[in-house]
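There are 2 protein chains.
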Amino acid sequence: MSKMIFMTQADIPRQYYNLAADLPFSLDPPLHPGTGQPITPADLAAIFPMALIEQEMSSQREIPIPEEILEIYALYRPTPLIRASELEKLLGTPARIYFKYEGASPVGSHKPNTAIAQAYYNKKEGTKRLVTETGAGQWGSSLAFACQKFGMECKVFMVRVSFDQKPYRKAMMMVYGATVLASPSPTTNAGRQILAQDPHSPGSLGIAISEAVEEAAGRDDTKYALGSVLNHVLLHQTIIGQETKRQLEMAGEKADVVIGCHGGGSNFGGLAFPFVRDKINGAKIDIVAVEPLSCPTLTRGKLEYDFGDTIGMTPLIRMYTLGHQFMPPGIHAGGLRYHGASPLVSKLLEHGLIRAEALPQNDIFKGAVMFAQAEGIIPAPESAHAVELAIREAVKAKEEGKAKVIVFNLSGHGLLDMQAYQDFCDGKLEQEPEITLDRSVAKAS
Amino acid sequence: MSKMIFMTQADIPRQYYNLAADLPFSLDPPLHPGTGQPITPADLAAIFPMALIEQEMSSQREIPIPEEILEIYALYRPTPLIRASELEKLLGTPARIYFKYEGASPVGSHKPNTAIAQAYYNKKEGTKRLVTETGAGQWGSSLAFACQKFGMECKVFMVRVSFDQKPYRKAMMMVYGATVLASPSPTTNAGRQILAQDPHSPGSLGIAISEAVEEAAGRDDTKYALGSVLNHVLLHQTIIGQETKRQLEMAGEKADVVIGCHGGGSNFGGLAFPFVRDKINGAKIDIVAVEPLSCPTLTRGKLEYDFGDTIGMTPLIRMYTLGHQFMPPGIHAGGLRYHGASPLVSKLLEHGLIRAEALPQNDIFKGAVMFAQAEGIIPAPESAHAVELAIREAVKAKEEGKAKVIVFNLSGHGLLDMQAYQDFCDGKLEQEPEITLDRSVAKAS
Chain A
192 MSKMIFMTQA DIPRQYYNLA ADLPFSLDPP LHPGTGQPIT PADLAAIFPM ALIEQEMSSQ
252 REIPIPEEIL EIYALYRPTP LIRASELEKL LGTPARIYFK YEGASPVGSH KPNTAIAQAY
312 YNKKEGTKRL VTETGAGQWG SSLAFACQKF GMECKVFMVR VSFDQKPYRK AMMMVYGATV
372 LASPSPTTNA GRQILAQDPH SPGSLGIAIS EAVEEAAGRD DTKYALGSVL NHVLLHQTII
432 GQETKRQLEM AGEKADVVIG CHGGGSNFGG LAFPFVRDKI NGAKIDIVAV EPLSCPTLTR
492 GKLEYDFGDT IGMTPLIRMY TLGHQFMPPG IHAGGLRYHG ASPLVSKLLE HGLIRAEALP
552 QNDIFKGAVM FAQAEGIIPA PESAHAVELA IREAVKAKEE GKAKVIVFNL SGHGLLDMQA
612 YQDFCDGKLE QEPEITLDRS VAKAS
Chain B
192 MSKMIFMTQA DIPRQYYNLA ADLPFSLDPP LHPGTGQPIT PADLAAIFPM ALIEQEMSSQ
252 REIPIPEEIL EIYALYRPTP LIRASELEKL LGTPARIYFK YEGASPVGSH KPNTAIAQAY
312 YNKKEGTKRL VTETGAGQWG SSLAFACQKF GMECKVFMVR VSFDQKPYRK AMMMVYGATV
372 LASPSPTTNA GRQILAQDPH SPGSLGIAIS EAVEEAAGRD DTKYALGSVL NHVLLHQTII
432 GQETKRQLEM AGEKADVVIG CHGGGSNFGG LAFPFVRDKI NGAKIDIVAV EPLSCPTLTR
492 GKLEYDFGDT IGMTPLIRMY TLGHQFMPPG IHAGGLRYHG ASPLVSKLLE HGLIRAEALP
552 QNDIFKGAVM FAQAEGIIPA PESAHAVELA IREAVKAKEE GKAKVIVFNL SGHGLLDMQA
612 YQDFCDGKLE QEPEITLDRS VAKAS
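So the sequences go chain by chain: A and B.
Under the working numbering, the residue at position 199 of the first sequence is numbered 390, and the numbers go up by one with no gaps.
Under the working numbering, the residue at position 56 of the second sequence is numbered 247, and the numbers go up by one with no gaps.
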């Protein structure tokens with residue numbers, strides 16, 4: 192049997208899968224931060240193009256992917272599904288482990304799947320400039336590339352701690368033609384407010400979102416693009432799970448366990464949602480979201496309405512949250528440093544269709560190094576959460592003597608995160624960063 | 192038509208192609224540095240296993256690839272051949288441009304093709320430890336990974352200038368379990384000799400080779416592995432050209448121009464040799480090796496016997512050389528900073544079967560940024576030489592109105608070379624580094 196399961200480019204899915212159409216329960220509407228009433232499309236029109244707002248609220252099961260998007264997907268899709276046979280040997284497990292390798296994209300992660308779509312729909316409605324936030328830089332470099340492809344300007348607020356830890360990501364965004372600022376920055380009211388409280392603030396995704404939304408709302412030619420959390424973002428990512436299901440079929444396999452790391456929910460949802468559909472229809476699948484122990488949104492957060500950003504400019508979203516002012520420690524998995532969660536993922540967790548696990552930083556690097564030595568690919572620190580949980584599930588399968596099929600999303604490679612590996616090799620990650628959970632969550636006034 | 196031309200894993204070539212079998216002229220034997228006589232297998236046995244020495248001297252056309260090697264190749268092979276259709280659009284050229292993407296390997300370059308083979312043959316003959324040199328680190332990380340797969344120790348002498356410029360490569364080698372030293376180092380006679388002359392020596396591949404060979408020759412459990420230049424290294428790389436030819440056939444194309452960057456000759460030879468065979472048999476193909484203007488071995492070197500290393504420990508090889516004491520400037524394409532060239536490639540150039548071009552550093556980054564903005568992938572500085580020449584050939588095809596098929600080897604991505612791109616974006620590469628050509632070439636005494 193082949194180790195890598197390729198599909199031809201003719202097999203790239205031609206529609207996004209909208210899980211909302213299949214849920215056996217209704218979703219809670221986002222609320223306007225001023226009125227506390229459900230937001231309307233008009234409320235969002237200042238920062239998003241109408242096509243994306245429609246997708247955000249759509250209940251149509253399949254949304255066709257325009258030809259112009261498919262053409263750019265063809266730069267790197269379909270990504271391979273790879274049997275982690277070398278890792279299996281190392282673990283001596285009867286489990287069969289497969290990973291979907293989204294790191295095969297030019298920027299090294301799954302993020303272009305939605306960046307390309309968002310740039311396309313914005314371009315079509317006349318947007319000249321997109322502004323966004325980024326954590327580790329996977330999202331920022333993806334949007335920078337997508338804007339370049341559609342001839343739009345791109346500005347990225349990059350979380351300060353990652354801006355300093357990952358200078359190569361910044362260079363990458365510059366190569367694609369974007370402007371990059373460290374966040375909090377002195378260029379926005381939101382940034383100045385945070386800097387006044389703490390001039391050495393390491394930043395967070397929540398703060399960077401506040402800055403980007405503020406700039407987009409204030410300029411007619413500019414819209415905002417978000418890399419995760421929202422329904423339309425996860426919708427675009429379902430191309431991952433759709434491909435994975437077909438590739439498993441090609442290999443004659445059925446998934447028993449499906450794993451993705453979780454920050455805002457986009458790589459997890461992208462892989463998991465097509466499997467959640469099967470689960471709703473009766474399939475027995477264990478679907479697991481993995482997050483950092485030091486930013487435990489799903490495992491220790493509260494399910495309630497909260498802001499998506501730190502300052503409180505976004506609509507209120509019903510989601511698992513650590514509180515919008517929670518400041519996660521500066522762990523290397525910058526893409527998972529988010530106080531909230533996708534409302535769709537939150538709803539699945541609430542209803543027991545998925546479960547969540549939290550892992551310590553040192554353990555996920557142990558797993559990542561084992562994986563790299565076996566399979567060659569060095570995982571992104573974010574993806575390393577999925578790797579380590581897959582290893583634990585494979586060890587459990589060995590103890591139980593069960594030949595389970597474990598599938599996880601290797602959402603990115605770690606070649607631009609090597610300082611993290613250097614720190615791990617130097618023994619600097621042994622102490623888990625401490626957190627204080629602040630439970631004050633804003634209510635709609 | 193598909194943009195990416197995949198083959199199935201069943202189609203991975205099962206033999207290496209040995210160009211020596213098809214050459215219409217004889218090769219010049221390497222000479223013993225002490226006696227000036229052609230070297231014998233016994234002379235090489237201190238640093239290489241017998242299987243590789245046999246391959247070095249073989250005239251057998253096809254050498255079967257052992258199953259154990261194919262199994263590890265399956266981690267990333269076959270690599271895709273990709274139509275650079277977005278670049279074509281940008282250039283408005285009638286040429287059809289294809290690139291073989293060797294950066295798809297886990298370490299990000301073509302180097303594992305020979306690293307895996309060398310580790311395998313060494314392991315089979317009882318070697319416990321491999322020692323090597325590396326420039327930009329592509330070779331060192333490949334050998335580190337290969338040694339990890341076969342349970343051997345690995346030690347890498349990394350050229351000082353790259354050791355400082357590319358700390359992420361060092362971290363990568365550590366993840367794969369290797370030991371990494373900056374070269375020149377105080378741990379060998381060769382290193383101490385160079386440091387006595389210049390305590391701040393930036394190092395060179397020639398010096399690092401001296402250090403590695405010295406250590407291998409002095410320890411019974413240790414052999415030496417070279418990442419380029421020698422016949423057996425290029426032999427292993429021919430898997431690239433064999434796949435490329437099949438993929439072009441699948442696309443219904445015939446190459447008019449074949450391009451590879453040239454340092455020691457391994458990615459160039461790997462792509463080119465199967466096409467050289469066709470050329471010997473009458474096909475009309477323009478085959479071009481591209482090198483840096485500041486290390487112009489093929490375009491300005493002399494064809495004569497010279498040492499492969501700086502100190503003068505290796506056999507004398509008849510090749511194009513800038514003199515074994517030539518110190519190339521610290522350009523970002525660390526993998527191309529070598530005074531010599533593959534004797535096979537040298538012989539092809541001598542007989543007009545290939546030609547060579549030299550390009551300035553700033554131009555190759557201009558080409559690389561244009562390529563990245565079009566195709567997404569950020570090229571390694573080495574591979575950027577091939578990219579820029581492909582662009583020039585495509586522009587020429589436009590001027591001549593010819594729908595040529597241009598094929599080049601994108602031998603690696605540049606994600607671990609982003610400092611180079613930062614320097615380019617900051618305008619720091621506009622001045623071409625100056626060189627002084629020293630023509631004193633050692634003769635066999």
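Cβ atoms here follow ideal geometry from the backbone N, Cα and C, with glycine treated the same way.
### Message
Please list, in chain order, the chain B residues whose beta carbon lies closer than 8 Å to that of A/T199.
### Response
One-based indexing of the first sequence puts residue 199 of chain A at position 8. Per Cβ cutoff of 8 Å: S193 and F197.
### Message
Rounded to the nearest angstrom, what separates B/G409 and B/T490 at their Cα positions?
### Response
Within the second sequence, the letter at position 218 stands for residue 409 of chain B. Within the second sequence, the letter at position 299 stands for residue 490 of chain B. One C-alpha to the other measures close to 36 Å.
#### Entry: Members of the segment 312-342 of chain A that neighbour chain B once the beta carbon cut-off is set at 9 Å
F336, Q339 and K340
### Query
Can you name the residues of chain B whose CB is closer than 8 Å to the CB of A/L620?
Locating residue 620 of chain A in the first sequence gives position 429, counting from the first residue. The CB of A/L620 never comes closer than 8 Å to any CB in chain B; the least such distance is about 13 Å.
#### Entry: Residue burial classification, A/E591 (beta-carbon count within 10 angstroms, cutoff 16)
For the purposes of this step, residue 591 of chain A is identified with residue 400 of the first sequence, where counting begins at 1. Classification of A/E591: exposed, given that the 10 Å Cβ count is below 16.
### Task
Using alpha carbons as the reference points, say which of A/P229, A/A611, A/G225 and A/P390 lies closest to A/A663.
The first residue shown for chain A is 192 and the last is 636, placing residue 663 of chain A beyond what the model contains.
### Query
Which residue from A/A403, A/A387, A/I307 and A/G294 puts its Cα closest to that of B/Y267?
Walking along the second sequence from the start, residue 267 of chain B turns up at place 76. Selected option, being the one with the closest Cα: A/G294.
### Message
Report the start-end ranges of each beta strand (DSSP E) in the segment 549-636 of chain B that is 3 residues or longer and not cut off at the edges.
### Response
Segments of the beta strand (DSSP E) lying fully in the segment 549-636 of chain B: 596-601.
### Message
Can you confirm whether A/G368, when its beta carbon is compared against all beta carbons of chain B, has any partner nearer than 8 Å?
### Response
One-based indexing of the first sequence puts residue 368 of chain A at position 177. Output row for A/G368: interface = yes.
### Query
Closer than 8 Å, Cβ to any Cβ of chain A: which residues of the segment 282-299 of chain B, in chain order?
Answer in chain order: A295, S296, P297, V298 and G299.
### Task
Return no unless some Cβ of chain B is closer than 8 Å to the Cβ of A/A563.
Locating residue 563 of chain A in the first sequence gives position 372, where the first residue counts as 1. Taking Cβ atoms only, chain B reaches closer than 8 Å to A/A563, which makes this a yes.
### Message
Between the alpha carbons of B/N458 and B/C452, how many angstroms are there, rounded?
### Response
For the purposes of this step, residue 458 of chain B is taken as the residue at position 267 of the second sequence. For the purposes of this step, residue 452 of chain B is taken as the residue at position 261 of the second sequence. Their Cα atoms are separated by approximately 7 Å.
#### Entry: Nearest-angstrom Cα separation, counted from B/K619 out to B/L595
Taking the first residue of the second sequence as 1, we reach residue 595 of chain B at position 404. Taking the first residue of the second sequence as 1, we reach residue 619 of chain B at position 428. Note that residue 595 of chain B corresponds to Lys in the displayed sequence, not to Leu. Cα to Cα, the separation comes out at about 35 Å.
### In DSSP terms, what B/D477 is bridged to
Mapped onto the second sequence, residue 477 of chain B falls at position 286. Paired residues: B/V448.
#### Entry: Buried/exposed call for A/P255, threshold 16 Cβ in 10 Å
Within the first sequence, residue 255 of chain A is the residue found at index 64, counting from 1. A/P255 should be labelled exposed.
### Inter-residue CB distance, A/P204 and A/E434 (contact presumed, cutoff 8 Å)
Looking up residue 204 of chain A in the first sequence gives position 13. Looking up residue 434 of chain A in the first sequence gives position 243. With 8 Å as the limit, A/P204 and A/E434 qualify as a contact, their Cβ atoms being about 6 Å apart.
### Query
DSSP three-state call for A/K202: helix, strand or coil?
Along the first sequence, read from residue 1 onward, the residue named residue 202 of chain A stands at position 11. Correcting the residue type first, residue 202 of chain A is Asp in the shown sequence and not Lys. The answer is helix: DSSP assigns A/D202 an H, G or I state.
### Task
Quick one: grab the DSSP three-state call for A/C338.
Taking the first sequence and counting its residues from 1, the one referred to as residue 338 of chain A is at position 147. It is helical.
### Query
Hey, would you say B/G432 sits closer than 8 Å to B/A463, going by beta carbons?
Here residue 432 of chain B is taken as the residue at index 241 of the second sequence, counted from 1. Here residue 463 of chain B is taken as the residue at index 272 of the second sequence, counted from 1. Yes, they are a contact pair.
### Query
If you run the structure through DSSP and keep just helix, strand and coil, what is A/K538?
Along the first sequence, read from residue 1 onward, the residue named residue 538 of chain A stands at position 347. Helix at A/K538.
### Members of the segment 566-581 of chain B that neighbour chain A once the beta carbon cut-off is set at 8 Å
E566, G567, I568 and I569
### Query
What do you reckon, are the CB atoms on B/G368 and B/A335 nearer than 8 Å?
Looking up residue 368 of chain B in the second sequence gives position 177. Looking up residue 335 of chain B in the second sequence gives position 144. Contact: yes.
### Task
For B/I394, count neighbouring Cβ atoms within 10 angstroms of its own Cβ and tell me buried if that reaches 16, exposed if not.
Taking the first residue of the second sequence as position 1, residue 394 of chain B is located at position 203. Note that residue 394 of chain B corresponds to Gly in the displayed sequence, not to Ile. Its Cβ being crowded by 16 or more others within 10 Å, B/G394 is buried.
### Task
Counting only runs of 4+ residues fully inside the segment 414-450 of chain B, write out the alpha helix (DSSP H) ranges in chain order.
422-441
### Exposure label - B/P297; buried when at least 16 CB within 10 Å
In the second sequence, counting from the first residue as 1, residue 297 of chain B sits at position 106. Its Cβ being crowded by 16 or more others within 10 Å, B/P297 is buried.
### Alpha-carbon spacing of B/Q206 relative to B/E253, whole angstroms
Residue numbering aside, residue 206 of chain B sits at position 15 when the second sequence is read from its first letter. Residue numbering aside, residue 253 of chain B sits at position 62 when the second sequence is read from its first letter. Those two C-alpha atoms are separated by around 6 Å.
### Message
Just to confirm, is the Cβ distance from A/F348 to A/E402 under 8 Å?
### Response
One-based indexing of the first sequence puts residue 348 of chain A at position 157. One-based indexing of the first sequence puts residue 402 of chain A at position 211. Against a cut-off of 8 Å, the Cβ pair of A/E402 and A/F348 comes out as a contact.
### Message
For A/L261, report the span of its alpha helix (DSSP H) as first-last.
### Response
Within the first sequence, the letter at position 70 stands for residue 261 of chain A. First-last of the alpha helix (DSSP H) with A/L261: E258 to Y264.
### Message
If I measure Cβ to Cβ from A/N380 and keep anything under 7 Å in the same chain, skipping five residues before and after, which residues do I get?
### Response
Within the first sequence, numbered from 1, the residue matching residue 380 of chain A stands at position 189. Correct list, in chain order: E405.
#### Entry: Element boundaries [beta strand (DSSP E), containing A/L507]
Locating residue 507 of chain A in the first sequence gives position 316, counting from the first residue. That run of the beta strand (DSSP E) goes L507 to T512.
#### Entry: Those residues which DSSP pairs with B/I288 across a bridge
The residue you call residue 288 of chain B lines up with position 97 of the second sequence. Beta-bridge partners assigned by DSSP to B/I288: B/I597.
### Message
Give me, in chain order, the residues of the same chain whose beta-carbon lies closer than 8 Å to that of B/I568; leave out the 5 immediate sequence neighbours on both sides.
### Response
Taking the second sequence and counting its residues from 1, the one referred to as residue 568 of chain B is at position 377. So the qualifying residues of the chain are Y292, G294, F562, L601 and H604.
### Message
Please list, in chain order, the chain B residues whose beta carbon lies closer than 8 Å to that of A/M365.
### Response
On the first sequence, residue 365 of chain A is found 174 positions in, with the first residue counted as 1. Under the 8 Å cutoff, chain B gives Y612, Q613 and C616.
### Assigned secondary structure, B/A211 (DSSP; H/G/I helix, E/B strand, else coil)
Along the second sequence, one-based indexing puts residue 211 of chain B at 20. In the structure shown, B/A211 sits in a helix (DSSP, three-state: H, G or I).
### Query
Residue range of the alpha helix (DSSP H) that A/S457 falls in?
Here residue 457 of chain A corresponds to residue number 266 of the first sequence, with the count starting at 1. First-last of the alpha helix (DSSP H) with A/S457: S457 to I471.
#### Entry: Collapsed DSSP secondary structure at A/T226 in the structure displayed
As a position in the first sequence, residue 226 of chain A is number 35, starting the count at 1. Here A/T226 sits in coil by DSSP.
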